[in-house]
Amino acid sequence: MDMDVSELNGACHCGRVRFHVKLTDGLRTARRCSCSYCRMRGAVAVSADVGSLYILSGEDVLATYQFNTGTAEHHFCSVCGIYTFHRRRSNTGQYGVNAACLEGLSPFDFAEVAVLDGENHPADTGSSVRLAGMLRFERAGD
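Going by our numbering, the first residue of the sequence shown is number 54, and it counts up by one from there.
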């Protein structure tokens with residue numbers, strides 16, 4: 054896997070929502086979050102600056118979910134239900150992009166993914182972003 058990839062196309066499961074993204078630091082920003090919503094969603098997200106994600110089609114079927122403070126905007130396809138990207142609460146100048154939606158990638162391609170402590174969000178605790186642990190993936194036969 055090329056960790057230095059800087060631009061990729063992405064889509065939801067049904068293909069109605071399509072986008073192009075320029076990543077902030079390739080795939081090195083891959084992470085998960087332990088907040089109540091992300092824990093249930095289970096996605097691996099990579100980072101892109103706001104203004105670096107371009108919706109190519111399907112904006113009309115893109116839905117948004119917000120909870121708690123309403124700061125984070127979680128976008129998903131209203132047809133197939135797949136989470137595509139979200140505007141971060143911890144950094145509203147960034148998007149977290151679902152790695153599974155990016156062309157040629159799978160969340161299982163990452164050997165290790167940082168898990169951030171979203172249960173104790175920095176905006177609530179006044180602290181910096183904390184690492185809750187690392188998630189390791191192993192492929193059968195490895």
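Even for Gly, the Cβ is constructed at its ideal location relative to N, Cα and C.
- Out of Cys130, Cys65 and Arg92, point me to the one whose CA is closest to Cys154's CA. Position 101 of the sequence shown, counted from the first residue, corresponds to residue 154. Taking only the C-alpha atoms, the option nearest Cys154 is Cys65.
- Just confirm the distance between the C-beta atoms of Ser87 and Leu169, as a whole number of angstroms; I'd bet it's less than 8 Å. Taking the sequence shown and counting its residues from 1, one reaches residue 87 at position 34. Taking the sequence shown and counting its residues from 1, one reaches residue 169 at position 116. That pair is a contact at about 7 Å.
- Item | Cys91: first and last residue of the uninterrupted alpha helix (DSSP H) it sits in | As a working note, residue 91 is residue 38 in the sequence shown. Counting along the chain, the alpha helix (DSSP H) containing Cys91 begins and ends at Ser89 to Arg94.
- Message: For the beta strand (DSSP E) containing Ile108, name the first residue and the last one.
- Response: Here residue 108 corresponds to residue number 55 of the sequence shown, with the count starting at 1. Going by DSSP, Ile108 is part of the beta strand (DSSP E) stretching over Leu106 to Ser110.
- Message: If distances are taken between C-alpha atoms only, which option among Leu80, Gly79, Ala116 and Ser100 comes closest to Val70?
- Response: If you number the sequence shown from 1, residue 70 lands on position 17. Taking only the C-alpha atoms, the option nearest Val70 is Ala116.
- Could you name the residues of the same chain whose beta carbon sits closer than 6 Å to that of Cys133, not counting the 5 residues immediately before and after it, in chain order? The residue given as residue 133 occupies position 80 in the sequence shown. Contacts found: Cys65, His66 and Cys67.
- Message: Less than 8 Å separating the Cβ of Phe129 from some heavy atom of the ligand SAH?
- Response: For the ligand SAH, the structure offers nothing, since it holds no ligand at all.
- Task: Using 10 angstroms around the beta-carbon of Ser159, count the other beta-carbons present and answer buried if the total reaches 16, otherwise exposed.
- Result: As a position in the sequence shown, residue 159 is number 106, starting the count at 1. With a threshold of 16 other beta carbon atoms within 10 Å, Ser159 falls short and is exposed.
- Message: Considering only their Cβ atoms, is the gap separating Gly79 from Asn151 smaller than 9 Å?
- Response: Your numbering for residue 151 matches position 98 in the sequence shown. Your numbering for residue 79 matches position 26 in the sequence shown. Taking C-beta atoms as the reference points, Asn151 and Gly79 fail to come closer than 9 Å.
- Message: Taking a contact to mean a Cβ-Cβ separation below 9 Å, would you say Thr145 touches Val103 in this structure?
- Response: Against the sequence shown, residue 145 aligns to sequence position 92. Against the sequence shown, residue 103 aligns to sequence position 50. At a Cβ-Cβ threshold of 9 Å, Thr145 and Val103 count as neighbours.
- Task: To the nearest angstrom, report how far apart Gly123 and Ala164 are at their CA atoms.
- Result: Along the sequence shown, read from residue 1 onward, the residue named residue 123 stands at position 70. Along the sequence shown, read from residue 1 onward, the residue named residue 164 stands at position 111. Approximately 32 Å, taken between the alpha carbons.
- Message: Tell me the DSSP secondary structure of Phe72 in three-state form.
- Response: The sequence position of residue 72 within the sequence shown is 19, counting from 1. Judged by DSSP in its simplified three-state form, Phe72 adopts strand.
- Determine the burial state of Arg192: buried for a count of at least 16 other Cβ atoms within 10 Å of its Cβ, exposed for fewer. Counting from one through the sequence shown, the residue named residue 192 turns up at place 139. Its pLDDT being 48, under 50, Arg192 is placed unreliably by the model, and nothing is read from it.
- Report the three-state DSSP secondary structure of Cys86 (helix, strand or coil). Counting from 1 along the sequence shown, the entry for residue 86 is found at position 33. If DSSP states are grouped into helix, strand and coil, Cys86 belongs with the strands.
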